[in-house]
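J.: Heads up, the sequence shown is in numbering that gives the first Met the number 0, so the first residue is 0 and it goes up one at a time. Just so you know, even glycine gets a beta-carbon here, dropped at the ideal spot from N, CA and C. Being a predicted model, the structure only gives us computed values, none of them experimental.
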Amino acid sequence: MNVIRAVQQSLYVIARSIVKNDEDCADAIQETIVKAFSNVHRLKEPTYFKTWIIRI
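1. Hey, how far is the Cα of A27 from the Cα of A14?
2. What is the DSSP secondary structure of E22, reduced to helix, strand or coil?
3. From R41 to D23, what does the alpha carbon distance come to, in whole angstroms?
4. Can you give me the C-alpha to C-alpha distance between T50 and Q29, rounded to a whole angstrom?
5. I'd like the list of long-range same chain contacts for I52, defined as Cβ closer than 6 angstroms, with 5 residues on each side in sequence excluded.
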């Protein structure tokens, strides 16, 4: 979970720029985290985790 905490602020800023209310923003971040953990086996280079999760 430390990796999520490390990117949480970036995810919030990006989600907030796309959706305008906090509830939709929280939903978008939650969906991103679920997708990331479901597909983490596809991540070829762990050092690019932040870039990878933001693209999700």
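T.: Well, looking at it:
1. 7 angstroms
2. helix
3. 27 angstroms
4. 17 angstroms
5. V6 and A35
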